[in-house]
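S.K.: Shown below is the structure under consideration.
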Amino acid sequence: MAGHSKWANIKHRKAGQDAKRAKIFTKVLREINVAVKSGGADPASNPALRTAIDKALGANMRRDTIDNTIKKASGQLDGAHYEHIRYEGYGPGGVAVLVDCLTDNRNRTVSEVRHAFTKAGGNLGTDGSVAYLFSKVGLLNYAPGVVSSINEDALMEVALENGADDVLSYDDGAVDVLVSPEHYLAVKQALLAAGFAPDHAELTQQAATQVQLVAEEAEKMLKLIDRLEDLDDVQNVYSNADISDEIMAVINV
């Protein structure tokens with residue numbers, strides 16, 4: 003299809019996450035904790051827990067650390083209690099932003115999130131102000147050049163046969179597989195079994211509309227995302243910012 007993929011944005015985010023590995027461990031452990039409390043300790047019947055465990059293993063976390071976290075969350079060991087909070091706001095250029103947090107201190111979290119928005123020239127909104135723009139979706143990304151024209155049809159066949167909603171190919175050679183949350187694990191496992199390991203896979207929030215940003219706005223927006231993701235209580239940040247590959251290549255963040 004015409005247009006640009008989000009691969010440049012994904013690479014930027016992954017580079018920032020790799021540089022903050024300790025914080026990634028903290029965030030993933032909290033995600034496991036909440037997944038167990040909301041859906042049980044068996045990953046076979048708890049997709050959120052299975053996804054969190056995969057994320058932990060992908061970050062090279064030790065299996066015994068993961069197991070101990072599951073035991074704490076299920077009450078077998080003493081552990082902290084975290085609750086999920088979602089904040090909504092606006093970034094540079096009027097971009098809609100969702101911020102998912104896991105926290106044991108609401109006052110601390112809202113203060114830190116508000117400060118991050120203010121420093122970037124944005125502001126927090128009220129509940130429901132931007133959430134209606136987003137829907138939950140599974141996303142599996144293949145970097146430009148990984149999927150050739152020869153095997154793209156095979157990838158598409160495996161994905162669609164196992165419940166994917168769509169397979170998108172872009173001018174830069176990147177490929178995205180879109181899937182509903184309930185079919186995410188089945189599609190991911192089927193693609194892995196067929197030899198199509200994604201470069202990046204996650205359950206995310208997809209915006210119905212996009213806001214195209216110029217270079218100055220894009221640079222401020224990426225700095226806002228970095229500030230938010232650097233907070234211990236923030237798990238995920240979603241936006242409807244549209245930043246082209248060309249702008250990603252020239253801005254300095």
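Start counting at 1 in the sequence shown, then tack on 2, and there's your number in the working numbering.
Positions of the beta carbon are idealized from the N, C-alpha and C atoms, including for glycine.
All of these numbers come straight from a predicted model, not from anything done at the bench.
Out of Asn153, Val213, Ala203, which has the shortest C-alpha to C-alpha gap to Gly96?
M.R.: Taking the sequence shown and counting its residues from 1, one reaches residue 96 at position 94. Answer by Cα proximity: Val213.
S.K.: Taking contact to mean 3 or more Cβ pairs, one atom from each stretch, closer than 8 angstroms, check whether the region 146 to 159 and the region 105 to 116 are in contact.
M.R.: They do not touch, by the three-pair rule.
S.K.: Which stretch, first to last residue, makes up the alpha helix (DSSP H) that contains Ala166?
M.R.: In the sequence shown, counting from the first residue as 1, residue 166 sits at position 164. From DSSP, Ala166 is part of no alpha helix (DSSP H) but of the beta strand (DSSP E) over 166 to 171.
S.K.: Quick one, which of Leu135, Leu100, Ser40 has its alpha-carbon nearest Ser76's?
M.R.: Here residue 76 refers to the residue found at position 74 of the sequence shown. Measuring from the Cα of Ser76, the nearest candidate turns out to be Ser40.
S.K.: Considering only DSSP beta bridges, list what Phe136 is partnered with.
M.R.: What you label residue 136 is simply residue 134 of the sequence shown in a count that begins at 1. Its beta-bridge partners are Ala209.
S.K.: Which residues mark the beginning and the end of the alpha helix (DSSP H) in which Arg65 is found?
M.R.: In the sequence shown, counting from the first residue as 1, residue 65 sits at position 63. Run containing Arg65: 65 to 75, per the alpha helix (DSSP H) assignment.
S.K.: Report all residues from its chain with a CB closer than 7 angstroms to the CB of Met3; omit the five preceding and five following residues, and keep chain order.
M.R.: For this step, residue 3 is matched to residue 1 along the sequence shown. Reliability of the predicted coordinates at Met3 is poor, the pLDDT of 44 falling under 50, and no value is obtained from them.
S.K.: Give every residue of the same chain whose Cβ lies closer than 7 angstroms to the Cβ of Ser131, excluding the five residues on either side of it in the sequence, and list them in chain order.
M.R.: Your numbering for residue 131 matches position 129 in the sequence shown. These residues qualify, in order along the chain: Glu90.
S.K.: Can you tell me whether DSSP reads Tyr84 as helix, strand or coil?
M.R.: Within the sequence shown, numbered from 1, the residue matching residue 84 stands at position 82. Coil.
S.K.: Hey, Asn35 and Tyr84: beta-carbon distance below 7 angstroms or not?
M.R.: Stepping through the sequence shown from its first residue, residue 35 is reached at position 33. Stepping through the sequence shown from its first residue, residue 84 is reached at position 82. It is a contact, given that the beta carbons lie within the stated cut-off.
S.K.: Which of the three DSSP states is assigned to Gln191 in this structure?
M.R.: Here residue 191 corresponds to residue number 189 of the sequence shown, with the count starting at 1. Correct three-state label for Gln191: helix.
S.K.: Spatial neighbours of Lys57 within its chain, please: CB distance less than 6 angstroms, with the 5 preceding and 5 following residues excluded, ordered by chain position.
M.R.: Counting from one through the sequence shown, the residue named residue 57 turns up at place 55. Val30, listed in sequence order.
S.K.: Three or more C-beta pairs under 8 angstroms: does that hold for the region 230 to 249 against the region 180 to 188?
M.R.: No: fewer than three Cβ pairs fall under 8 angstroms.
S.K.: By the 10 Å Cβ neighbour count, where 16 or more other Cβ atoms means buried, how is Asp44 classified, buried or exposed?
M.R.: Stepping through the sequence shown from its first residue, residue 44 is reached at position 42. The residue in question, Asp44, is exposed, as its Cβ has fewer than 16 Cβ neighbours within 10 Å.
S.K.: Short of 7 angstroms in beta carbon distance, which residues of its chain neighbour Val160, apart from the five on each side in sequence? Order them along the chain.
M.R.: By one-based count along the sequence shown, residue 160 stands at place 158. Closer than 7 angstroms at the Cβ level, and outside the excluded window around Val160, lie Ala192, Leu193, Ala196, Phe198.
S.K.: Measure how close the beta-carbons of Val252 and Ala217 come, nearest whole angstrom, since I'm counting them as under 8 angstroms.
M.R.: Residue numbering aside, residue 252 sits at position 250 when the sequence shown is read from its first letter. Residue numbering aside, residue 217 sits at position 215 when the sequence shown is read from its first letter. Indeed, because the Cβ distance is near 6 angstroms, the residues count as touching under 8 angstroms.
S.K.: Please report the residue range of the alpha helix (DSSP H) in which Ala145 lies.
M.R.: For this step, residue 145 is matched to residue 143 along the sequence shown. It is not in any alpha helix (DSSP H) - Ala145 carries neither H nor E in the DSSP assignment.
S.K.: Where does Asp234 fall in DSSP's three states?
M.R.: Along the sequence shown, read from residue 1 onward, the residue named residue 234 stands at position 232. Here Asp234 sits in coil by DSSP.
S.K.: Using only the alpha-carbon positions, how far apart do Ile72 and Ile249 sit?
M.R.: As a first step, residue 72 must be located in the sequence shown, where it is residue number 70. As a first step, residue 249 must be located in the sequence shown, where it is residue number 247. Rounded to whole angstroms, Ile72 to Ile249 spans 42 angstroms at the Cα level.
S.K.: What does DSSP give as the partner residues of Ser241 in its beta bridges?
M.R.: As a working note, residue 241 is residue 239 in the sequence shown. Partner(s): Val99.
S.K.: Could you say which of Arg32, Leu59, Asp129 lies nearest to Gln105 if we only look at CA atoms?
M.R.: In the sequence shown, residue 105 corresponds to position 103, counting from 1. The amino acid at residue 105 is misidentified as Gln; the sequence shows Thr. Per the Cα distances, Arg32.
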